[in-house]
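Enquirer: Chains as they are written, first to last, in the working numbering: chain W, 327 to 440; chain U, 450 to 562.
Backbone N, C-alpha and C define an ideal beta-carbon position, used for all residues, glycine too.
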């Protein structure tokens with residue numbers, strides 16, 4: 327029962343480097359999400375994908391791109407990492423983006439940009 | 450813009466105590482409110498979901514209440530145990546399609562044995 331799987335768990339980047347966070351879910355969910363969590367600020371939505379082939383910006387999309395590769399996978403790319411992107415990133419999924427659907431989270435990816 | 454605040458930011462209690470965590474939100478036009486638990490180094494696990502038409506939800510030793518008109522929710526934990534130690538987050542659903550939850554910063558709970 328894997329649920330939502332994120333890789334890598336930890337990553338250190340230098341300013342200006344690029345990287346992709348991978349996320350996969352095995353629950354046949356339609357909707358997937360990327361959040362970031364910063365100390366004292368709760369989780370903030372970066373991008374979400376209501377269904378395969380669609381993506382939409384969340385609250386803090388600047389500096390990120392996403393790809394919904396297929397129904398299972400939703401990746402988050404940092405094209406030119408900045409220290410302000412040091413954070414914990416969570417991928418999540420739900421059956422649909424509809425009201426009140428339970429949302430399932432991965433265990434997080436700790437990213438440090440130096 | 451919806452804002453969610455959780456008080457206190459941290460709480461330390463002896464085992465066996467009953468405790469209350471608070472969550473407030475600025476816009477009462479919500480569809481539902483959820484409480485999540487987050488263990489160190491882990492993701493979030495949904496504990497309770499209260500629809501806007503409901504006043505409370507219960508699961509085991511947990512009881513969550515919602516007063517939409519005043520923009521407040523409480524999470525009551527009865528007979529706390531060391532295993533309850535975690536960060537508790539509340540999140541509101543603003544009613545737009547898509548699970549665009551707005552989260553509070555969380556309350557870090559430590560239950561001492």
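Determine whether the beta carbon atoms of residue 384(W) and residue 404(W) lie at a separation below 8 Å.
Expert: Taking the first residue of the first chain as 1, we reach residue 384(W) at position 58. Taking the first residue of the first chain as 1, we reach residue 404(W) at position 78. No. Outside cutoff.
Enquirer: Just the chain W side, please: which residues come within less than 7 Å of residue 554(U) by C-beta, in chain order?
Expert: On the second chain, position 105 is the one that residue 554(U) refers to. Here the neighbours are 366, 367, 368.
Enquirer: Give the range of the beta strand (DSSP E) segment to which residue 516(U) is assigned.
Expert: What you label residue 516(U) is simply residue 67 of the second chain in a count that begins at 1. Per DSSP, residue 516(U) belongs to the beta strand (DSSP E) from 511 to 516.
Enquirer: Name, going along the chain, the residues of the region 411 to 439 of chain W whose beta-carbon falls closer than 9 Å to a beta-carbon of chain U.
Expert: Cβ contacts with chain U come from 416, 417, 418, 420, 422, 423, 424, 425, 426, 427, 428, 429, 430, 431, 432, 433, 434, 436.
Enquirer: Name the chain W residues that come within less than 7 Å of residue 561(U), Cβ to Cβ?
Expert: The residue labelled residue 561(U) in the question sits at position 112 within the second chain. Simply none; closest approach about 23 Å.
Enquirer: Buried or exposed, going by whether 16 or more other CB atoms sit within 10 Å of the CB of residue 481(U)?
Expert: Taking the second chain and counting its residues from 1, one reaches residue 481(U) at position 32. With 16 or more Cβ atoms within 10 Å of its Cβ, residue 481(U) is classed as buried.
Enquirer: I want to see whether chain U comes within less than 8 Å of residue 390(W), judged by CB atoms only; does it?
Expert: Here the question's residue 390(W) lines up with position 64 in the first chain. Chain U, which has no Cβ nearer than 8 Å to the Cβ of residue 390(W), makes this no.
Enquirer: Output, in chain order, the set of chain W residues within a Cβ distance shorter than 8 Å of residue 453(U).
Expert: To locate residue 453(U), count along the second chain from 1; it is residue 4. The answer, in chain order, is 368.
Enquirer: Between residue 342(W) and residue 518(U), what straight-line distance do the alpha-carbon atoms span, to the nearest angstrom?
Expert: Taking the first chain and counting its residues from 1, the one referred to as residue 342(W) is at position 16. Taking the second chain and counting its residues from 1, the one referred to as residue 518(U) is at position 69. Those two C-alpha atoms are separated by around 47 Å.
Enquirer: Could you round the C-beta distance between residue 415(W) and residue 395(W) to whole angstroms and report it? I think they count as a contact, below 8 Å.
Expert: Position 89 of the first chain holds residue 415(W). Position 69 of the first chain holds residue 395(W). Not confirmed; about 17 Å, so no contact.
Enquirer: In terms of residues, what are the limits of the beta strand (DSSP E) holding residue 455(U)?
Expert: Looking up residue 455(U) in the second chain gives position 6. Where residue 455(U) is concerned, the enclosing beta strand (DSSP E) stretches over 453 to 456.
Enquirer: Can you name the residues of chain W whose CB is closer than 9 Å to the CB of residue 495(U)?
Expert: In the second chain, the residue the question calls residue 495(U) occupies position 46. Residues of chain W passing the Cβ test: 428, 429, 430, 431.
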